[in-house]
Amino acid sequence: MRRSQILIPTLKETPADAEVISHQLMLRAGLIRKLAAGLYTWLPLGLRVLRKVETIVREEMDRAGAQEVLMPMVQPAELWSESGRWEQYGPELLRIKDRHARDFCLGPTHEEVITDLIRGEIRSYRQLPANFYQIQTKFRDEIRPRFGLMRGREFTMKDAYSFHADQESLQDTYRVMFDAYSRIFQRLGLEFRAVEADTGSIGGSASHEFHVLADSGEDAIVYCHQCEYAANLELAESRPAPLPCDAPMPAQKVTTPGIRTVAEQAQMLKLSHDRIVKSVVVMADDQPAALFLLGDDELNPIKAARALGAKQVRMAEAAEAETATGGVVGFIGPVNLPEKLRVLVDQRAAAACNFSSGANEKDYHWINLNWNRDVPLPETADLRNVKAGEPCPRCAGNLGIRRGIEVGHIFQLGDKYSQALHASFLDEQGQERIMRMGCYGIGVSRVVAAAVEQNYDDKGIIWPQAIAPFDVGLIAINAQRSEKVMAAAETLYDRLRDLGFEVLWDDRAERPGVQFAEMDLIGLPHRVVISERNLEHGLLEYKARVAAEAELLTLDAVLERLR
Ligand code: ATP
Ligand code: MG
Ligand code: MG
Ligand code: MG
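Our numbering applies: residue 3 is where the sequence shown begins, and numbers increase by one.
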């Protein structure tokens with residue numbers, strides 16, 4: 003593809019409302035654009051990445067014996083009433099009415115629809131087991147869509163559903179899918195971990211999540227250094243605390259004597275001001291009662307809290323604060339917070355919560371953001387109790403903690419949906435029995451963001467080879483002024499494409515500096531540069547995106563590097 007023929011609207015500045023690196027870089031590299039909260043358009047370059055992830059997922063699903071189908075995104079309310087989820091599923095389920103005032107919803111998941119299909123089509127044990135998958139748009143009206151594609155409202159998921167005559171068969175397929183998932187994330191070139199997980203609102207017995215490891219991940223994972231044991235701490239999930247961002251307006255800006263400003267906090271932590279992304283002060287009876295901090299990944303929560311004079315550092319509340327503030331690394335304050343809290347949010351937090359940007363001076367706080375916590379803090383694991391060095395529940399080996407991004411989730415559902423929707427079959431004895439089910443999800447669009455979150459440097463994205471939008475970036479220096487360079491570029495461009503490489507040739511009359519910076523930002527695995535001087539010696543400049551230095555090579559040597 004010629005750069006002049008493809009829309010890649012790169013940005014020099016980091017967009018202000020993009021908090022995490024993947025969101026920033028995907029906007030800056032011209033992969034996506036925001037339409038509204040949690041809704042994104044995939045631009046040509048981004049779509050190429052998404053399609054590559056889909057292809058790998060599709061190949062591995064086919065290989066695992068799953069059959070591809072495509073179900074409607076709009077689903078009738080009756081089916082959801084049958085499963086009981088029309089009432090149970092909270093506001094994440096977007097409910098709509100058609101012109102006849104009949105109720106529908108936008109599918110956040112497809113258990114009901116597939117079970118309805120299968121109860122009508124599969125009648126005999128001879129047709130079991132069967133496994134169906136789709137790659138489809140899902141809609142979840144997330145309370146706080148954020149981090150770009152990481153937590154969109156509309157997003158792409160691969161979901162699969164398996165049907166079985168008995169538990170043993172379900173376990174077999176579950177194992178096959180577990181292995182398929184492991185292969186998928188290996189092929190994607192991502193560092194990942196499978197962990198034991200909570201079954202959440204989907205329900206069922208056994209469940210595993212697949213996490214791409216990244217410090218920015220929303221989930222904390224404990225894992226054993228010796229054995230296979232790994233589990234999700236699921237600190238945030240069970241806590242439906244309302245968010246300060248959803249609090250009634252109008253908020254008011256005040257100076258806050260006695261409360262440290264963000265700048266002071268940073269100074270005490272010996273950090274630059276930018277390193278603290280947000281701070282939230284909780285007031286109880288007009289006294290500062292708690293402080294939540296969100297910093298970058300080098301800000302150690304315990305150390306930070308201690309440096310700020312904390313008497314208590316309770317990670318359980320930190321997790322609560324995380325839900326409330328969008329990520330937190332430290333919590334300082336008393337153990338028992340009163341029922342009603344007044345939350346003061348500094349201006350950067352306010353910006354992140356989409357408050358009016360009218361008063362953006364530094365180090366003022368907002369008041370009157372009523373954070374009414376109508377649910378008490380549940381008992382949660384205290385992260386300090388599962389720190390490295392403590393024994394693994396399985397083998398007594400050492401445990402470690404990493405942060406992860408949930409990119410896949412598989413469940414043994416048992417008969418939860420098949421019972422409710424009466425999906426039955428006739429067994430060998432001609433007896434009617436209820437099917438058993440498994441379900442298996444991958445956040446295809448989230449995978450793209452997670453890949454960036456794990457692979458970038460200060461210049462931009464570093465795509466894993468398998469999902470890079472193009473294999474090679476080609477730059478011809480001053481080609482517009484040198485017929486020789488232009489001709490060599492044309493020839494090389496054709497040659498590489500004939501050999502099966504996907505090439506992005508920056509054929510614009512841009513300054514080389516601009517072209518180099520953009521190629522780094524876009525993050526293709528290989529870069530080849532043609533210049534008049536090197537051409538005279540029959541050489542090309544080659545650089546792998548991950549390499550520190552470029553090399554001067556013959557064409558044959560370059561082709562070797564690309565393989
Ligand atoms: P999360 O804990 O992040 O809210 P979930 O547990 O609700 O995810 P599942 O119901 O397990 O999600 O859905 C399967 C997969 O879909 C998840 O593992 C995740 O990769 C992806 N996914 C879920 N919600 C979103 C979202 N809002 N945006 C993008 N991907 C998502
Ligand atoms: Mg969710
Ligand atoms: Mg989850
Ligand atoms: Mg999940």
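Note that the Cβ used here is the ideal one computed from N, Cα and C, for glycine as well.
Beta-bridge analysis with DSSP links residue 126 to 428.
Between the segment 443-459 and the segment 186-197 there are three or more C-beta pairs closer than 8 Å, enough to call the two in contact. Scanning its chain for C-beta atoms nearer than 7 Å, with the 5 sequence neighbours on each side dropped, one finds around residue 429 the residues 127, 167, 435, in chain order. Per DSSP, reduced to three states, the secondary structure at residue 88 is helical. Note that the C-beta distance between residue 32 and residue 47 is below 7 Å. At a cut-off of 6 Å, the beta-carbon of residue 408 counts as near ligand 3: some heavy atom of the ligand is closer than that. Going by beta carbons, residue 396 and residue 231 fall inside the 7 Å limit. Using a C-beta cut-off of 8 Å, the segment 75-82 makes contact with the segment 93-112, since at least three inter-stretch Cβ pairs fall below that distance.
When secondary structure is reduced to three states using DSSP, residue 410 falls in the strand class. Distance from the CA atom of residue 88 to the CA atom of residue 114, rounded to whole angstroms, is 11 Å. Exposure of residue 539 is indicated by the presence of fewer than 16 other C-beta atoms within 10 angstroms of its C-beta.
With a cut-off of 6 Å, the C-beta of residue 432 is classified as distant from ligand 1, since no heavy atom of the ligand falls inside that distance. With respect to the C-alpha of residue 173, the residue from 414, 60, 219 having the closest C-alpha is 414. In this structure, the beta-carbon distance from residue 425 to residue 117 falls below 7 Å. With contact defined as three or more Cβ pairs closer than 8 Å, the segment 484-497 and the segment 59-71 are not in contact.
In the structure shown, the three-state DSSP call for residue 25 is helix. The distance from the Cβ of residue 555 to that of residue 544 is about 5 Å, consistent with a contact at the 8 Å cut-off.
In terms of Cβ geometry, residue 141 and residue 123 do not form a close pair [threshold 7 Å]. According to the DSSP secondary-structure assignment, residue 215 is paired through a beta bridge with 406. Boundaries of the beta strand (DSSP E) around residue 224: 221-226. For residue 523 and residue 42, the gap between their C-alpha atoms comes out near 20 Å. In terms of Cβ geometry, residue 97 and residue 427 do not form a close pair [threshold 7 Å]. Distances from the CA of residue 10 to each of 28, 17, 16, 21 were compared; the closest alpha carbon is that of 28.
At a cut-off of 6 Å, the beta-carbon of residue 411 counts as near ligand 4: some heavy atom of the ligand is closer than that. For a cut-off of 8 Å, the C-beta gap from residue 420 to residue 448 is around 28 Å, too long to register as a contact. Take the alpha-carbon of residue 112 and the one of residue 82: they are about 10 Å apart. Counted as a single uninterrupted DSSP element, the beta strand (DSSP E) harbouring residue 43 occupies residues 41-44. In the displayed model, residue 516 falls within a helix according to three-state DSSP. Distance from residue 466 to residue 192 at the Cβ level is roughly 7 Å; contact confirmed, criterion being Cβ atoms closer than 8 Å. Out of 223, 154, 74, 488, the CA that lies nearest to the CA of residue 44 is found in 154. In the DSSP assignment, the residues bridged to residue 528 are 474, 546.
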